[in-house]
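**Student:** Handing you this structure, nothing more for now.
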């Protein structure tokens with residue numbers, strides 16, 4: 104099957120969204136924890152977290168356009184400069200998925216989706232207690248992609264907390280995603296040697 108750009112642009116909006124969001128294959132999926140200036144916690148599911156570098160330790164994620172729909176996560180990050188990135192394991196992915204709903208600003212997704220807030224070392228933003236991997240982030244920069252009005256949020260890692268000391272153990276029950284709502288279990292095949300030429 105060959106699908107050309109002209110075919111994509113003719114496709115109905117929801118079908119096009121599913122195709123383009125799914126075509127990169129299985130991606131990592133995370134819960135982003137924030138807190139508003141009014142101390143209301145917020146939790147949202149994202150599938151765009153990406154490693155940018157290890158020195159300094161930087162991660163990025165993409166926030167969709169906010170002209171039509173209020174993006175509480177983006178607002179909270181810009182206003183407070185702090186947020187958390189939390190892993191999603193198979194025993195919480197259904198609750199995590201519910202955070203994709205458009206809840207009013209005064210309602211905490213933690214409470215609505217039955218996930219628990221955890222605070223570590225007085226870090227401003229809430230972590231997800233149930234997650235195996237919890238990363239505390241500080242905002243460095245937002246970059247607007249003018250072509251489609253999305254934003255790349257770039258942050259520096261301030262703290263990491265893992266459930267298990269051996270890093271691999273934390274990924275045993277990890278979940279990945281294709282598109283917006285098709286979840287997959289991750290499984291390690293083999294660790295190969297680092298290639299040096």
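Residue numbers (our numbering): 104 to 300.
All C-beta atoms, glycine included, are put in the ideal place defined by N, C-alpha and C.
These numbers come from a predicted model, not from an experiment.
(1) Would you call the stretch 213 to 221 in contact with the stretch 231 to 240, where contact means no fewer than 3 C-beta pairs closer than 8 Å?
(2) Give a yes or no on whether the C-beta atoms belonging to residue 337 and residue 203 are separated by under 9 Å.
(3) Hey, how far is the Cα of residue 226 from the Cα of residue 188?
(4) Opposite residue 231 in the DSSP bridges: which residues?
(5) Report the partner residues of residue 149 according to the DSSP bridge assignment.
(6) Near residue 297, which residues of its chain fall below 6 Å by C-beta distance, leaving aside the five closest residues on each side in sequence?
(7) Residue 198: which of 207, 205, 212 and 122 sits nearest, CA to CA?
(8) Spell out the partners DSSP gives residue 154 in its beta bridges.
(9) Going by C-alpha distance, which of 259, 271 and 133 is nearest residue 293?
(10) Report the three-state DSSP secondary structure of residue 270 (helix, strand or coil).
(11) Counting C-beta neighbours from all protein chains within 10 Å, is the total for residue 246 16 or more, i.e. buried, or is it exposed?
(12) For residue 111, which residues from the same chain have a beta carbon less than 8 Å from its beta carbon, with the 5 sequence-adjacent residues on both sides left out?
(13) Please determine, among 262, 142 and 214, the residue with the shortest C-alpha to C-alpha distance to residue 224.
(14) For residue 144 and residue 260, I'd like the C-alpha separation in whole angstroms.
(15) Thinking C-alpha only, which one of 295, 174, 108 and 242 is nearest residue 307?
(16) Measure the CB-CB distance between residue 242 and residue 181 and report whether it falls below 9 Å.
(17) Take the Cβ of residue 240 as the centre, count every other Cβ of all protein chains shown within 10 Å, and call the residue buried at 16 or more, exposed below.
(18) Cα separation between residue 186 and residue 161?
(19) Looking only at DSSP bridge pairs, what is residue 240 linked to?
(20) Just to confirm, are residue 150 and residue 132 a CB contact at a threshold of 9 Å?
**Tutor:** Let me lay it out:
(1) yes
(2) Residue 337 lies beyond the residue range present for the chain, which begins at 104 and ends at 300; the question has no answer from this structure.
(3) Taking the chain shown and counting its residues from 1, the one referred to as residue 226 is at position 123. Taking the chain shown and counting its residues from 1, the one referred to as residue 188 is at position 85. Near 13 Å, if we compare the C-alpha coordinates of residue 188 and residue 226.
(4) As a first step, residue 231 is located in the chain shown; it is residue number 128 there, counting from the start. According to DSSP, which records beta bridges pairwise, residue 231 is partnered with 220.
(5) Working through the chain shown from its first residue, we reach residue 149 at position 46. Its beta-bridge partners are 133.
(6) By one-based count along the chain shown, residue 297 stands at place 194. Counting only Cβ-Cβ distances below 6 Å, and skipping sequence neighbours, we find nothing.
(7) On the chain shown, residue 198 is found 95 positions in, with the first residue counted as 1. Closest by alpha carbon: 212.
(8) Your numbering for residue 154 matches position 51 in the chain shown. 162, per the DSSP bridge assignment.
(9) Along the chain shown, one-based indexing puts residue 293 at 190. Ranking the options by Cα distance to residue 293, first place goes to 271.
(10) Within the chain shown, residue 270 is the residue found at index 167, counting from 1. Three-state result, residue 270: helix.
(11) For this step, residue 246 is matched to residue 143 along the chain shown. Classification for residue 246: exposed.
(12) As a working mapping, residue 111 is identified with position 8 in the chain shown. Around residue 111: 119, 122 and 123.
(13) Taking the first residue of the chain shown as position 1, residue 224 is located at position 121. Cα-wise, what sits closest to residue 224 is 262.
(14) The count along the chain shown starts at 1 and reaches residue 144 at position 41. The count along the chain shown starts at 1 and reaches residue 260 at position 157. Their backbone Cα atoms lie some 20 Å apart in a straight line.
(15) Look at the range of the chain in this structure, 104 to 300, and you will see that residue 307 is not part of it.
(16) The residue you call residue 242 lines up with position 139 of the chain shown. The residue you call residue 181 lines up with position 78 of the chain shown. Closer than 9 Å, so yes.
(17) Taking the first residue of the chain shown as 1, we reach residue 240 at position 137. It is buried - the Cβ of residue 240 has at least 16 other Cβ atoms within 10 Å.
(18) Position 83 of the chain shown, counted from the first residue, corresponds to residue 186. Position 58 of the chain shown, counted from the first residue, corresponds to residue 161. Whole-angstrom Cα-Cα distance: 13 Å.
(19) Taking the first residue of the chain shown as position 1, residue 240 is located at position 137. Its beta-bridge partners are 186 and 260.
(20) In the chain shown, the residue the question calls residue 150 occupies position 47. In the chain shown, the residue the question calls residue 132 occupies position 29. Contact: yes.
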